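S.K.:
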DNA sequence: GGATAATTCAACCATGTGGTTGAATGTGCG
DNA sequence: CGCACATTCAACCACATGGTTGAATTATCC
């Protein structure tokens, strides 16, 4: 639940935007894996898989422990929690739950203001991006 | 909560991996906006902003309604819900909640199998990727 | 020490991304 | 009609991405 910068959110979502990397994460959810083990199921060179792992590492999603000549990887769920939390902001939209205040803000204030005078809205109300 | 293909998950997470686009989403959470309104706060050309909006549209996050010469955009939270749900699979990791069965599976089965015989684990147990 | 195993590094390539600019498209307005 | 507005299109550019291959690095085993 650590607060992440916009840049860090970029890297996390980018890391998640690739099937191979998501697959590796699910693998790591089952337990620690070496680079070779993570690479094996994917039809690509070890070097390519290694790069993917580095992307995950760069996003803070994977921690690596070097043990002799093998590198043990394990999942770090922290950034996933942050991403999850980030998405939660929009939960009320898909659940349709808007309380009275929000409905007022949205339909009365915002919509009319935007329509009538092309107003720029109050600078970035909720969760300042990141 | 619609089930998305792996490719669609790719596009949703990719759409979310850019600060400009996340900013636009938050703007759209406040209400409908035209392309020009979405573009305005960002230091880039209209054409560039238009491309960003098209990425969001391609990910299914934005629906566009053409009204005369202006294009009205509104948020479609469906894919966000799916992404949120996707991340929920990992919730137990950051909450630390592992029930007995899972702990058994993880520490006994998986870890030993991997260590002893470099086994490939049961083919992709949870949520088949997408 | 020397072979082999696990992984990375470096160079390279094709393609995608995010931005630019200038012209095109289509709509509204006097 | 003719101009101005909202938006896209097309061509272009710099740089990132995802992949390759072959050599380098480091550790283990005999």
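Chains as they are written, first to last, in our numbering: chain A, 1 to 130; chain B, 1001 to 1130.
Note that the Cβ used here is the ideal one computed from N, Cα and C, for glycine as well.
Quick caveat: nothing in here was measured; it's all calculated off a predicted structure.
Among A:91, A:79, A:88, which residue has its Cα nearest to the Cα of residue 7 (chain A)?
M.R.: Looking at the Cα atoms, A:79 is the closest of the given residues.
S.K.: Should residue 27 (chain A) be labelled buried (16 or more other beta-carbon atoms within 10 Å of its own) or exposed?
M.R.: That one is buried.
S.K.: Mark residue 29 (chain A) as exposed unless 16 or more other C-beta atoms lie within 10 angstroms of its C-beta, in which case mark it buried.
M.R.: So residue 29 (chain A) ends up on the buried side.
S.K.: Roughly how many whole angstroms lie between the Cα atoms of residue 84 (chain A) and residue 1054 (chain B)?
M.R.: Near 24 Å, if we compare the C-alpha coordinates of residue 1054 (chain B) and residue 84 (chain A).
S.K.: So, using beta-carbon positions, are residue 46 (chain A) and residue 15 (chain A) closer together than 7 Å?
M.R.: In this structure, residue 15 (chain A) does not lie closer than 7 Å to residue 46 (chain A) by Cβ.
S.K.: Take residue 32 (chain A) and list the residues in its own chain whose beta-carbon comes closer than 6 Å to its own, dropping the five residues that flank it on each side.
M.R.: Closer than 6 Å at the Cβ level, and outside the excluded window around residue 32 (chain A), lie 72, 74.
S.K.: Starting from residue 1080 (chain B), find everything on chain A with Cβ-Cβ shorter than 8 Å and list it in chain order.
M.R.: Within chain A, the residues near residue 1080 (chain B) are 87, 90, 93, 94.
S.K.: Using the C-alpha atoms, what's the distance from residue 3 (chain A) back to residue 1066 (chain B)?
M.R.: Rounded to the nearest angstrom, the two C-alpha atoms are 38 Å apart.
S.K.: With a threshold of 7 Å between beta-carbons, can residue 46 (chain A) be considered close to chain B, or not?
M.R.: Answer no: the Cβ-Cβ gap between residue 46 (chain A) and chain B never drops below 7 Å.
S.K.: Looking at the structure shown, is residue 42 (chain A) part of a helix, part of a strand, or coil, going by DSSP?
M.R.: Correct three-state label for residue 42 (chain A): coil.
S.K.: Would you list the one or two residues that DSSP bridges to residue 74 (chain A)?
M.R.: A:63.
S.K.: In whole angstroms, give me the CA-to-CA distance for residue 1090 (chain B) and residue 63 (chain A).
M.R.: Between residue 1090 (chain B) and residue 63 (chain A), the C-alpha separation is close to 16 Å.
S.K.: Note down, in chain order, every chain B residue with its Cβ under 8 Å from the Cβ of residue 43 (chain A).
M.R.: Chain B residues near residue 43 (chain A): none, gap ~14 Å exceeds 8 Å.
S.K.: What whole-angstrom Cβ distance do residue 17 (chain A) and residue 1017 (chain B) have, given they're in contact under 8 Å?
M.R.: At roughly 6 Å, the Cβ-Cβ gap stays under 8 Å, so residue 17 (chain A) and residue 1017 (chain B) are in contact.
S.K.: Just to confirm the assignment, what range does the alpha helix (DSSP H) spanning residue 1069 (chain B) have?
M.R.: Looking at the DSSP string, residue 1069 (chain B) is not in any alpha helix (DSSP H), and its letter there is neither H nor E.
S.K.: For residue 81 (chain A), which of A:60, A:38, A:35 has the nearest alpha-carbon?
M.R.: Closest by alpha carbon: A:60.
S.K.: Could you tell me whether the Cβ of residue 16 (chain A) comes closer than 7 Å to any Cβ of chain B?
M.R.: Taking Cβ atoms only, chain B reaches closer than 7 Å to residue 16 (chain A), which makes this a yes.
S.K.: Is there at least one Cβ from chain B nearer than 7 Å to residue 49 (chain A)'s Cβ?
M.R.: By this cut-off, residue 49 (chain A) is not an interface position.
S.K.: Would you mind working out which of A:88, A:22, A:58 sits nearest residue 1077 (chain B), comparing C-alpha positions?
M.R.: If we check each option's Cα against that of residue 1077 (chain B), A:88 comes out closest.
S.K.: To the nearest angstrom, how far is the alpha carbon of residue 52 (chain A) from that of residue 35 (chain A)?
M.R.: Residue 52 (chain A) and residue 35 (chain A): Cα-Cα distance of roughly 10 Å.
S.K.: List, in chain order, every chain B residue whose beta-carbon is nearer than 7 Å to that of residue 75 (chain A).
M.R.: By Cβ distance, chain B contributes 1093.
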